[in-house]
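> Input: one structure, supplied below.
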Amino acid sequence: MMFVIDDEDIQLAEHLLLPDGEMFDEERRDIIRCMESKDIQACPGSGKTTTLLAKLSIIARQLPLKSNQGICVLTHTNVAVNEIRDKLEGKADILFQYPNHFGTIQSFVNKFLAIPGFIDKYGKRVARIDDEIYNEYVQRRYRSLDNGTRFWLEKNLISPIDLRFSLHDFSITKKIDGPIIMKPTSKTYPKLMTFKEEILKEGILCYDDAFSLSYEYLRKYPQIAKVISDRFAYVFMDEMQDTNKIQNDLLELVFDRNQVIVQRIGDTNQSIFDSSSDAGWRVSDEYLPISSSKRFSCEIAERVKTISLSPQDLKGNPNIPNIKPKIIVFDDSSISNVIPKFGELIIENKLFQLKRTVFKAVGWIGQPNGKRAINDYYEPYNKSSVNKKLDFDCLYDYLKMAQNQGISAETKRVLIMRALLKCLRILNVKHLNGTPYTEATFNEYFSKNDREFYDEIRFKLAEWCLKVFKGEDILQEVKVYITTVLCSKMGVRTNRELLAFLNTITSNEILQSNQKTNLYIYEKNDDSIFIDISTVHSVKGETHAATLYLE
Numbered sequence: 041m042m043f044v045i046d047d048e049d050i051q052l053a054e055h056l057l058l059p060d061g062e063m064f065d066e067e068r069r070d071i072i073r074c075m076e077s078k079d080i081q082a083c084p085g086s087g088k089t090t091t092l093l094a095k096l097s098i099i100a101r102q103l104p105l106k107s108n109q110g111i112c113v114l115t116h117t118n119v120a121v122n123e124i125r126d127k128l129e130g131k132a133d134i135l136f137q138y139p140n141h142f143g144t145i146q147s148f149v150n151k152f153l154a155i156p157g158f159i160d161k162y163g164k165r166v167a168r169i170d171d172e173i174y175n176e177y178v179q180r181r182y183r184s185l186d187n188g189t190r191f192w193l194e195k196n197l198i199s200p201i202d203l204r205f206s207l208h209d210f211s212i213t214k215k216i217d218g219p220i221i222m223k224p225t226s227k228t229y230p231k232l233m234t235f236k237e238e239i240l241k242e243g244i245l246c247y248d249d250a251f252s253l254s255y256e257y258l259r260k261y262p263q264i265a266k267v268i269s270d271r272f273a274y275v276f277m278d279e280m281q282d283t284n285k286i287q288n289d290l291l292e293l294v295f296d297r298n299q300v301i302v303q304r305i306g307d308t309n310q311s312i313f314d315s316s317s318d319a320g321w322r323v324s325d326e327y328l329p330i331s332s333s334k335r336f337s338c339e340i341a342e343r344v345k346t347i348s349l350s351p352q353d354l355k356g357n358p359n360i361p362n363i364k365p366k367i368i369v370f371d372d373s374s375i376s377n378v379i380p381k382f383g384e385l386i387i388e389n390k391l392f393q394l395k396r397t398v399f400k401a402v403g404w405i406g407q408p409n410g411k412r413a414i415n416d417y418y419e420p421y422n423k424s425s426v427n428k429k430l431d432f433d434c435l436y437d438y439l440k441m442a443q444n445q446g447i448s449a450e451t452k453r454v455l456i457m458r459a460l461l462k463c464l465r466i467l468n469v470k471h472l473n474g475t476p477y478t479e480a481t482f483n484e485y486f487s488k489n490d491r492e493f494y495d496e497i498r499f500k501l502a503e504w505c506l507k508v509f510k511g512e513d514i515l516q517e518v519k520v521y522i523t524t525v526l527c528s529k530m531g532v533r534t535n536r537e538l539l540a541f542l543n544t545i546t547s548n549e550i551l552q553s554n555q556k557t558n559l560y561i562y563e564k565n566d567d568s569i570f571i572d573i574s575t576v577h578s579v580k581g582e583t584h585a586a587t588l589y590l591e
């Protein structure tokens, strides 16, 4: 199973991933060569993902392994998965095929534990693991609870959306790892358990349910952890600082270091958590460091290395011009001049002439809340407009979002299809296995059993997408199709809830077709500077030519 990575392998990876003439330094080479369980603590802008990519591209050339084991690569977001896939440019497609697993922690938990656990418990497949769809189901089902139970929840300030199955014993709690909210012997407890279980039986899970189900599955079949460890020879985890305690504990449980080599890569100083007690990753003492930043100039590296949560040696990039950090001082009457001043400094320092001209102004608080927030500096800022939400409360909002010029034709199609599937959920139309239709099960069923209808739906979606792309209003047309063709095909009649879904018109700010509300344009003489306004969390891991922190 074990193989040695040599200098020739590293040179091939450099040629694939680095600009001409650049090489990995000795710190990064040590990490690429390391083939034992290890933590890697990287500084900001270190290019740690590129170092991981180099290692993966080398391992991909050795696949399949003689032991027939796979490689598991875990990240936190689908964006990160796609970014890695794009950067490998098809040179490592084998990593995305069986027996390997490449995806988010949530997708790993769903695939290897939650879905098998659900099938074991109920003998059918999960319909959807999604917080938004789950919350929609809870709100609809809440009406079926008796008055006494609803009164108890309201009196104790517990929203039905917050009810969870405990990680420890699958009892009902307010938080997934929180204390029980009442004794199981009380009158209300079995009603809450039935309420939660009935939604679960329909195959509708929130993300937390996937973790609770995973723990339940492992309690019933503890040998599953050994099976998963046997399946993989190497596990690589990127962005480990963003792993919470529940995620980390579960990964520790299923990956036995005596059976599988686990390498965890991250930067404790870039954690998304407000306190270290929320974070799941504790860096082991014998970690490998990456201490040179490609992002910071030597001037900035020298300034920031002393203000990190965990002190780290930080070396700047000598190829970046040294500009001293600036502090802009203002008061309430001049707060609106802060971002223009930033634009002035960008021009003054000729940063707009660089190859990479990404300028961002970021703040901690995205919504007005009585304290200082991003809107105070830039009034048009709208946090909602960056929201890529795909499920809504009415047809109008689905179609309004589809009209957005900033989204792809495929996303437009997905939005309209999701609106149709939501109608089926409202009408309680289900797949043969008793779970609500997903796009996959809908396509699978109708392509086999009613090809004409299946082809018609596909044609309609294409036609509607084209009309939306041209800026035409299709609301009335889609409405008529749902109330006539779709209802007739499913053998159901419209109900009050469906009519409300079809006829509600909102003034939802999320759906403004102009998403430029978060872009400030600074103009001086003939120069225009585009400054993106956003939250600190949304720019995590990005490299900018200049960043203004609005606090």
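If you read the sequence shown in this note's numbering, its first letter stands for residue 41, the second for the next number, and so on.
The C-beta atom is built at its ideal place from N, Cα and C for all residues, glycine as well.
Starting from glutamine 661, trace the beta strand (DSSP E) in both directions and tell me its first and last residue.
An answer regarding residue 661 cannot be provided, because it is not within the stretch 41 to 591 covered by the chain.
> Taking only three categories from DSSP, how would you classify isoleucine 50?
On the sequence shown, position 10 is the one that residue 50 refers to. DSSP places isoleucine 50 in helix when its eight states are reduced to three.
> Judging by CA-CA distance, which residue of Leu114, Asn175, Val579 and Asp170 is the nearest neighbour of phenylalanine 272?
As a first step, residue 272 must be located in the sequence shown, where it is residue number 232. If we check each option's Cα against that of phenylalanine 272, Leu114 comes out closest.
> Taking lysine 285 as the reference, which of Thr225, Leu439, Tyr138 and Phe251 has the closest Cα?
Translated into positions along the sequence shown, residue 285 becomes position 245. The option with the nearest alpha carbon to lysine 285 is Phe251.
> Helix, strand or coil for alanine 273? Go by DSSP, reduced to three states.
Looking up residue 273 in the sequence shown gives position 233. It is a strand residue.
> Out of Cys434, Ile169, Trp504 and Ile212, point me to the one whose CA is closest to alanine 540's CA.
By 1-based counting over the sequence shown, the position of residue 540 is 500. When only C-alpha atoms are compared, the closest one is Cys434.
> Tell me whether lysine 106 sits in a helix, a strand or coil according to DSSP, three-state version.
One-based indexing of the sequence shown puts residue 106 at position 66. Lysine 106: coil per DSSP, three-state reduction.
> At which residues does the alpha helix (DSSP H) containing alanine 100 begin and terminate?
For this step, residue 100 is matched to residue 60 along the sequence shown. Segment 88-100, the alpha helix (DSSP H) holding alanine 100.
> What's the C-alpha gap between glutamine 443 and aspartate 437?
Here residue 443 is taken as the residue at index 403 of the sequence shown, counted from 1. Here residue 437 is taken as the residue at index 397 of the sequence shown, counted from 1. Rounded to whole angstroms, glutamine 443 to aspartate 437 spans 10 Å at the Cα level.
> Could you pull the DSSP bridge partners for glycine 306 from this structure?
Taking the sequence shown and counting its residues from 1, the one referred to as residue 306 is at position 266. Looking at the DSSP assignment, glycine 306 forms a beta bridge with Gln81.
> What does the alpha-carbon distance come out to for the pair glutamine 263 and lysine 236?
Taking the first residue of the sequence shown as 1, we reach residue 263 at position 223. Taking the first residue of the sequence shown as 1, we reach residue 236 at position 196. Cα to Cα, the separation comes out at about 28 Å.
> Taking the beta strand (DSSP E) that aspartate 567 belongs to, which residues open and close that run?
The residue given as residue 567 occupies position 527 in the sequence shown. Run containing aspartate 567: 567-575, per the beta strand (DSSP E) assignment.
> Taking Cβ to Cβ, would you say leucine 290 is nearer than 8 Å to serine 254?
Counting from 1 along the sequence shown, the entry for residue 290 is found at position 250. Counting from 1 along the sequence shown, the entry for residue 254 is found at position 214. It is a contact, given that the beta carbons lie within the stated cut-off.
> Alpha carbon to alpha carbon, what distance is there between threonine 189 and lysine 195?
Taking the first residue of the sequence shown as 1, we reach residue 195 at position 155. Taking the first residue of the sequence shown as 1, we reach residue 189 at position 149. So the alpha carbons of these two residues sit roughly 10 Å apart.
> Measure how close the beta-carbons of tyrosine 417 and leucine 590 come, nearest whole angstrom, since I'm counting them as under 8 Å.
Here the question's residue 417 lines up with position 377 in the sequence shown. Here the question's residue 590 lines up with position 550 in the sequence shown. Sure, about 5 Å apart at Cβ, within 8 Å.
> For tyrosine 418, name the three-state secondary structure that DSSP assigns.
Indexing the sequence shown from 1 puts residue 418 at position 378. If DSSP states are grouped into helix, strand and coil, tyrosine 418 belongs with coil.
> Whose C-alpha, out of Gly531, Leu501 and Val532, is nearest the C-alpha of asparagine 518?
Position 478 of the sequence shown, counted from the start, is the residue given in the question as residue 518. The residue asked about is misnamed: residue 518 is valine in this sequence, not asparagine. Nearest option by C-alpha distance: Leu501.
> Using the three-state DSSP reduction, which class does leucine 185 fall into: helix, strand or coil?
To locate residue 185, count along the sequence shown from 1; it is residue 145. Coil at leucine 185, not helix or strand.
> Ignoring anything shorter than 4 residues, give me the alpha helix (DSSP H) runs that lie fully in the segment 365-402, in order along the chain.
Listed in chain order, the complete alpha helix (DSSP H) runs (minimum 4 residues) inside the segment 365-402 are 378-388.
> Would you call the segment 465-472 and the segment 526-535 in contact, with 3 or more CB pairs under 8 Å?
They touch, by the three-pair rule.
> Under a three-way DSSP split, which group does isoleucine 514 fall into?
Working through the sequence shown from its first residue, we reach residue 514 at position 474. Reduced to three states, the DSSP call for isoleucine 514 is coil.
> Roughly how far, in whole angstroms, is the beta-carbon of serine 77 from the beta-carbon of arginine 297, given that I think they are within contact range, below 8 Å?
On the sequence shown, position 37 is the one that residue 77 refers to. On the sequence shown, position 257 is the one that residue 297 refers to. Serine 77 to arginine 297, Cβ: 5 Å. Contact.
> Using the three-state DSSP reduction, which class does arginine 533 fall into: helix, strand or coil?
In the sequence shown, residue 533 corresponds to position 493, counting from 1. If DSSP states are grouped into helix, strand and coil, arginine 533 belongs with coil.
> Tell me which residue opens and which closes the alpha helix (DSSP H) that proline 230 is part of.
Translated into the one-based positions of the sequence shown, residue 230 becomes position 190. Start and end: 228-241.
> Within its chain, find whatever has a CB closer than 6 Å to the CB of tyrosine 274; leave out the 5 residues flanking it on each side and keep chain order.
The residue given as residue 274 occupies position 234 in the sequence shown. Ile111 and Ile301.
> Which residues share a DSSP beta bridge with leucine 588?
Taking the first residue of the sequence shown as position 1, residue 588 is located at position 548. DSSP output for leucine 588 lists Ala401 as bridge partner(s).
> In the DSSP assignment, find the beta strand (DSSP E) that holds tyrosine 138 and state where it starts and stops.
Counting from 1 along the sequence shown, the entry for residue 138 is found at position 98. First-last for tyrosine 138: undefined, no H or E at that position.
> Helix, strand or coil for phenylalanine 509, going by three-state DSSP, please let me know.
For the purposes of this step, residue 509 is taken as the residue at position 469 of the sequence shown. Note: phenylalanine 509 maps to helix in three-state DSSP.
> Count Cβ pairs between the segment 215-235 and the segment 163-171 that sit closer than 8 Å; are there 3 or more?
These segments do not touch.
> At what residues does the alpha helix (DSSP H) containing tyrosine 162 begin and finish?
Looking up residue 162 in the sequence shown gives position 122. Unbroken alpha helix (DSSP H) run through tyrosine 162: 155-162.
> Output the boundary residues of the beta strand (DSSP E) element that contains isoleucine 330.
Locating residue 330 in the sequence shown gives position 290, where the first residue counts as 1. From DSSP, the beta strand (DSSP E) with isoleucine 330 extends over 328-330.
> Considering Cα atoms alone, identify which of Trp192, Tyr174, Asn140 and Asn187 is closest to isoleucine 244.
Here the question's residue 244 lines up with position 204 in the sequence shown. Ranking the options by Cα distance to isoleucine 244, first place goes to Tyr174.
> Quick check on DSSP: helix, strand or coil for valine 166?
Reading the sequence shown from its first residue, position 126 is the one you call residue 166. Looking at valine 166 - three-state DSSP - the assignment turns out to be coil, as it is neither helix nor strand.
> Along the alpha helix (DSSP H) that carries glutamate 67, what are the first and last residues, could you check?
Position 27 of the sequence shown holds residue 67. Per DSSP, glutamate 67 belongs to the alpha helix (DSSP H) from 66-73.
> In whole angstroms, what is the alpha-carbon distance linking aspartate 371 and isoleucine 330?
Position 331 of the sequence shown, counted from the first residue, corresponds to residue 371. Position 290 of the sequence shown, counted from the first residue, corresponds to residue 330. Rounded to the nearest angstrom, the two C-alpha atoms are 40 Å apart.
> Is lysine 88 closer than 8 Å to isoleucine 305 when the C-beta atoms are compared?
Looking up residue 305 in the sequence shown gives position 265. Looking up residue 88 in the sequence shown gives position 48. It is a contact, given that the beta carbons lie within the stated cut-off.
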